[in-house]
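Novice: Protein chains in written order, with the numbering used here: chain F, 1 to 195; chain G, 1001 to 1489. Yeah, the Cβ is synthetic: ideal placement off N, Cα and C, and Gly gets one too. I'd like to ask you about the structure that follows.
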Amino acid sequence: MGAWKYLLGTALLAGILLTPALIVMGPAGGSFDDALFVVLAALMLVSGLAVVTMRDIIRCGLAMIVCFLALAGIYGVAGSPLVAAAQVLVYVGAISVLVLFAIMLTQSKRAPSRLVFQTQAGPAAVLAVVIALMVTLTVTGTAWNEVAERMRVGASALAATLFADYVLPFEIVSVLLLMAVVGGVFLAKREERGS
Amino acid sequence: MSWQDLVVIGPLVGAVVVAVLVLLVDLVRPGRTVPVVIVSVGGLAALAALVAATGAVPASAFGGAYSVDALTTYLDLLFVAIAALTIVFAPDYLAPRGLPLGEFATMLLFAMTGAMLIAASTDLLLLFLGLELMVLPGYMLAGYHKTDGFSTEGAIKYFLLGSFSSAIFLFGLAFVWGLTGTTRVAEVADALTRLPNGISAGLGMGLAFMTTGVAFKIAAVPFHYWTPDAYQGSPTPVTGYLSVGPKIGAFALVLRLFVETLGPLSEWWLPVMVVLAALTMTLGNLVALTEDNVKRMLAYSSIAHTGYMLVGLVAYAADPTGRVDGLSALLFYGVAYSFMNLGAFAVIAALQKRAGVTSALSTFAGLGRREPILAILMTLFLLSLTGIPPTAGFFAKASVILAAIEAGGPATILAVIAMLNAAAAAFYYLRVVVYMFMREPDDQQPVLKHGALLWGGLAVTSVLTVLLGLFPSALLEMAGTAAGTLLPH
């Protein structure tokens, strides 16, 4: 019985992922890159939805890894292999493991039987679909002049941009992280007794 | 990066250095109040001197991503003053509850760094990073009282809605970047003036997302829902800070983004701002009328004040001759509002020195007899918030409304709404005064002994509230120069 469910789920997922890709490559006349992007984007949306809707928090964490991997793929398709590699190393490799360990060390696996936000899930879903349609219409209906072209960016070109034009934002992020560490440690620290 | 660039961002580096110094002092002498206060307030005084010294000459660094001009200096000095006053007011509230001052001051200084970055950013990416650096410590400070359920609840609501609004704002920025291909403010503004035929659907969407994100940050109606809970739950000194620091910082973002970057599109965002201003003033005041908790009442009052400041923005955008009166009125309003609101929250924090005292209106009953000086100061701040001459609040409201009347068009209607609202607001502000001087308390409350720091801070805020009301011309002139730098060159 269980095996059938998994098979059905896999087939459904493959359908969701591959149908838009086939449409893109067939009738829409897109390239292989476009189809790959559509598959990865669909995977990201599905896994992202799984992160926020599933009740078992460990599975949410695992779905998040899939989401991060799909994003890394999108970076690769967009022509930036270095960013894709960094995404895999940092998000998939480090942050996900950290999150999973934090969950396992601090939480009981049992999640609340009913998620709190589900009381407003219906109207929120309708609103989200409406906004998604609006964004789709505006994005497809606008002439994007400069950034619509895919740029293949190598490591040295990326470094030149990052450490010349964008060096101040880069350094500010480090200040942001320092602040987050101090704040996070304070909030997570156990109260000392008697002080 | 060159040496020249480092000199220009000197104040920003200085702010980070002060924050780290406070952290180090707290490491050497853990949990002590006095060293933290000395280092942070002393460091902030030195920082203010540095800002004033380097701000005299306009400069630009990092290929036009970071600019120091009269507006940057004006706002930086205000941010430094807000941070210093908050640190001075905090110990009387934190100490009885066993909350440390070290982390509090560090977080506050990081938030101030973010606000200073916004004031100096002429790059959309930097503006966003400055915004995040300013608001992230705010979420943490809102939940600073970890064992208090209300504090945690308010912090989580603030964090979730704040994060979503940041994401929405960033999405809008991405649209604008996609259409213009640059993040530099001057280049974006230039690209927007050369648009072939009106705004495209994509740009309209980007504008809508950015307006929504900013409206969340300044707590404009209908994007204000996080405000009352976050303000009521936060430790009172944090509430005082949240009601001025991030708000003025977000207005700095509005100036840099809507006036400087999106100025060419003002005919598109002006109607939205008119509606936001009218709703924010009216709803903020109407709900404040019904609140019996002074902190919650001041939360809604701060929403109403957001509306008055938006009137200044509308007055500028609606003015056909392009005068900056509306913007200088907004900047003056920001300073006046900061001092009077910080003062009012400092009095509430002082009354809550005894742990367990709530901020309900009944706490203020009989305060006039119990602690006359505190009651008189509170009356001064409330009169200023109402807008009664000769206080700073009066001149702030008057200059905003005058600018709106001179601008004409939709701004005139807002001027009328603002005056009606100011009259209605008098009721709830003066109700606190009535409680302080004409009601007897239900039970005997002990007279509290307040620290010298608190009295010092209250002296500064009250003297400035009076002085800015009696002699507003010097600051108005500074505000005018600062606003002038935003005009297209």
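Taking the runs of the beta strand (DSSP E) that are 3 residues or longer, which of them lie wholly in the stretch 70-130 of chain F?
Specialist: Whole beta strand (DSSP E) segments, 3+ residues: zero.
Novice: In this structure, how does DSSP classify TYR1225 (chain G) when only helix, strand and coil are distinguished?
Specialist: Here residue 1225 (chain G) is taken as the residue at index 225 of the second sequence, counted from 1. If DSSP states are grouped into helix, strand and coil, TYR1225 (chain G) belongs with coil.
Novice: Could you name the residues of chain F that VAL1357 (chain G) contacts, counting a contact when the two beta carbons are closer than 7 Å?
Specialist: For this step, residue 1357 (chain G) is matched to residue 357 along the second sequence. Simply none; closest approach about 22 Å.
Novice: Have a look at G:LEU1448, G:GLY1143 and G:LEU1377 and flag the residue whose alpha-carbon is nearest the alpha-carbon of THR1465 (chain G).
Specialist: Residue mapping note: residue 1465 (chain G) aligns to position 465 of the second sequence, counting from 1. Measuring from the Cα of THR1465 (chain G), the nearest candidate turns out to be G:LEU1377.
Novice: Please compile the residues from chain G whose C-beta is within a distance smaller than 7 Å of the C-beta of PRO169 (chain F).
Specialist: Locating residue 169 (chain F) in the first sequence gives position 169, counting from the first residue. Those within 7 Å of PRO169 (chain F) in chain G are LEU1125, LEU1126 and LEU1129.
Novice: Please determine, among G:PRO1035, G:ASP1026, G:ASP1442 and G:LEU1050, the residue with the shortest C-alpha to C-alpha distance to GLY1014 (chain G).
Specialist: Position 14 of the second sequence holds residue 1014 (chain G). It is G:LEU1050.
Novice: Pull out every residue of the stretch 1296-1313 of chain G whose Cβ sits closer than 9 Å to any Cβ of chain F, in chain order.
Specialist: The residues in question: there are none.
Novice: If you pair each beta-carbon of the stretch 1351-1360 of chain G with each one of the stretch 1432-1444 of chain G, do three or more pairs fall below 8 Å?
Specialist: The answer is no - the stretch 1432-1444 of chain G does not touch the stretch 1351-1360 of chain G, with fewer than three Cβ pairs under 8 Å.
Novice: What are the start and end residues of each continuous alpha helix (DSSP H) run of 4 or more residues lying completely inside the stretch 1208-1280 of chain G, in chain order?
Specialist: You should have 1226-1233 and 1236-1254.
Novice: Could you tell me if MET134 (chain F) is buried or exposed, where buried requires 16 or more neighbouring beta carbons within 10 angstroms of its beta carbon?
Specialist: Here residue 134 (chain F) refers to the residue found at position 134 of the first sequence. With fewer than 16 other Cβ atoms within 10 Å, it is exposed.
Novice: Given 8 Å as the limit, tell me if THR1363 (chain G) has its C-beta closer than that to any heavy atom belonging to the ligand MG.
Specialist: Among the components of this structure there are no ligands whatsoever, and the ligand MG is therefore not found.
Novice: Ignore the nearest five residues each way along the sequence and tell me which others in LEU1270 (chain G)'s own chain have a CB closer than 8 Å to its CB.
Specialist: For the purposes of this step, residue 1270 (chain G) is taken as the residue at position 270 of the second sequence. Counting only Cβ-Cβ distances below 8 Å, and skipping sequence neighbours, we find VAL1314, ALA1317, ALA1318 and PRO1410.
Novice: Could you check which residue in G:PHE1164, G:LEU1420, G:LYS1157 and G:ALA1426 has the C-alpha nearest to that of TYR1231 (chain G)?
Specialist: Indexing the second sequence from 1 puts residue 1231 (chain G) at position 231. Minimum Cα distance to TYR1231 (chain G) is reached at G:LYS1157.
Novice: Using beta carbons (cut-off 9 Å, strictly below), is THR142 (chain F) in contact with chain G?
Specialist: By 1-based counting over the first sequence, the position of residue 142 (chain F) is 142. Yes, THR142 (chain F) lies at the interface with chain G (some Cβ there is under 9 Å from its Cβ).
Novice: In terms of residues, what are the limits of the beta strand (DSSP E) holding ALA1059 (chain G)?
Specialist: The count along the second sequence starts at 1 and reaches residue 1059 (chain G) at position 59. Where ALA1059 (chain G) is concerned, the enclosing beta strand (DSSP E) stretches over 1059-1061.
Novice: Given a limit of 7 Å on CB to CB distance, which residues of the stretch 1196-1223 of chain G reach chain F?
Specialist: Per Cβ criterion, the list reads SER1200, ALA1201, GLY1202 and MET1205.
Novice: Quick check on PHE1110 (chain G) - is its C-beta less than 9 Å from some C-beta in chain F?
Specialist: Here the question's residue 1110 (chain G) lines up with position 110 in the second sequence. It does; some Cβ of chain F falls within 9 Å.
Novice: Does any residue of chain F have a CB that is nearer than 9 Å to the CB of GLU1153 (chain G)?
Specialist: For the purposes of this step, residue 1153 (chain G) is taken as residue 153 along the second sequence, with counting starting at 1. With 9 Å as the cut-off, GLU1153 (chain G) does not count as an interface residue toward chain F.
Novice: Suppose the cutoff is 6 Å on Cβ atoms and the five residues either side in sequence are ignored; what does the same chain contact list for LEU1476 (chain G) look like?
Specialist: The residue labelled residue 1476 (chain G) in the question sits at position 476 within the second sequence. Excluding positions up to five away in sequence, the list reads PHE1332.
Novice: Whose Cβ in chain F lies nearer than 9 Å to the Cβ of TYR1066 (chain G)?
Specialist: Locating residue 1066 (chain G) in the second sequence gives position 66, counting from the first residue. Correct list: LEU168.
Novice: Indicate the three-state DSSP secondary structure (helix, strand or coil) for SER31 (chain F) in the structure shown.
Specialist: Counted from its first residue, the first sequence places residue 31 (chain F) at position 31. Coil, per DSSP.
Novice: Leaving out the 5 sequence neighbours to the left and right, which residues in its chain are closer than 6 Å to GLN1004 (chain G) when beta-carbon positions are compared?
Specialist: Numbered from its first residue, the second sequence carries residue 1004 (chain G) at position 4. Here the set comprises nothing.
Novice: Near PRO1011 (chain G), which residues of its chain fall below 7 Å by C-beta distance, leaving aside the five closest residues on each side in sequence?
Specialist: What you label residue 1011 (chain G) is simply residue 11 of the second sequence in a count that begins at 1. Same-chain partners within the cutoff: LEU1047, LEU1050, VAL1051, THR1054, ASP1076 and MET1116.
Novice: In the DSSP output, which residue or residues are listed as bridge partners for ALA1360 (chain G)?
Specialist: Walking along the second sequence from the start, residue 1360 (chain G) turns up at place 360. Answer is G:ASN1293.
Novice: Would you kindly work out how many angstroms separate the C-alpha atoms of SER1266 (chain G) and TYR1308 (chain G), rounded to a whole number?
Specialist: One-based indexing of the second sequence puts residue 1266 (chain G) at position 266. One-based indexing of the second sequence puts residue 1308 (chain G) at position 308. Going from the Cα of SER1266 (chain G) to the Cα of TYR1308 (chain G) covers about 19 Å.
Novice: Comparing the C-beta of THR1193 (chain G) with each C-beta of chain C, is any distance below 9 Å?
Specialist: Here the protein chains are F and G, and chain C is not one of them.
Novice: THR1261 (chain G) and ALA1220 (chain G) look like a contact to me (Cβ under 8 Å); what is the Cβ gap, rounded to whole Å?
Specialist: Indexing the second sequence from 1 puts residue 1261 (chain G) at position 261. Indexing the second sequence from 1 puts residue 1220 (chain G) at position 220. THR1261 (chain G) to ALA1220 (chain G), Cβ: 19 Å. No contact.
Novice: Could you confirm whether any beta carbon from chain F is found closer than 9 Å to the beta carbon of ALA1449 (chain G)?
Specialist: Numbered from its first residue, the second sequence carries residue 1449 (chain G) at position 449. Just to set this straight, residue 1449 (chain G) is Lys in the shown sequence, not Ala. It does not; no Cβ of chain F falls within 9 Å.
Novice: For VAL1088 (chain G) and PHE1104 (chain G), what's the separation of their Cα atoms in angstroms?
Specialist: Here residue 1088 (chain G) refers to the residue found at position 88 when the second sequence is read from its first residue. Here residue 1104 (chain G) refers to the residue found at position 104 when the second sequence is read from its first residue. Going from the Cα of VAL1088 (chain G) to the Cα of PHE1104 (chain G) covers about 11 Å.
Novice: Using DSSP's beta-bridge definition, name the partner residues of TYR1066 (chain G).
Specialist: Here residue 1066 (chain G) corresponds to residue number 66 of the second sequence, with the count starting at 1. Bridge partners of TYR1066 (chain G): G:ALA1061 and G:SER1121.
Novice: For VAL1020 (chain G) and chain F, any beta-carbon pair shorter than 9 Å?
Specialist: To locate residue 1020 (chain G), count along the second sequence from 1; it is residue 20. VAL1020 (chain G) counts as touching chain F.
Novice: When the distance is taken between beta carbons, is GLY1213 (chain G) closer than 9 Å to SER1243 (chain G)?
Specialist: Locating residue 1243 (chain G) in the second sequence gives position 243, counting from the first residue. Locating residue 1213 (chain G) in the second sequence gives position 213, counting from the first residue. No, they are not a contact pair.
Novice: With H, G and I counted as helix, E and B as strand and the rest as coil, what does DSSP make of ARG59 (chain F)?
Specialist: Here residue 59 (chain F) is taken as the residue at index 59 of the first sequence, counted from 1. It is helical.
Novice: Expressed to the nearest angstrom, what Euclidean distance is found between the alpha-carbon atoms of ALA988 (chain G) and TRP1268 (chain G)?
Specialist: Past the boundaries of the shown model lies residue 988 (chain G); chain G is included only from 1001 to 1489, so the question cannot be answered.
Novice: Ignore the nearest five residues each way along the sequence and tell me which others in GLY1035 (chain G)'s own chain have a CB closer than 6 Å to its CB.
Specialist: In the second sequence, residue 1035 (chain G) corresponds to position 35, counting from 1. Looking at the sequence shown, residue 1035 (chain G) is not Gly but Pro. If we look at PRO1035 (chain G) and ignore the five residues flanking it on each side, its Cβ neighbours are VAL1025 and ARG1029.
Novice: In chain G, which residues lie with their C-beta within 9 Å of the C-beta of ILE197 (chain F)?
Specialist: Chain F is shown only over 1 to 195; residue 197 (chain F) falls outside these bounds and no answer can be derived.
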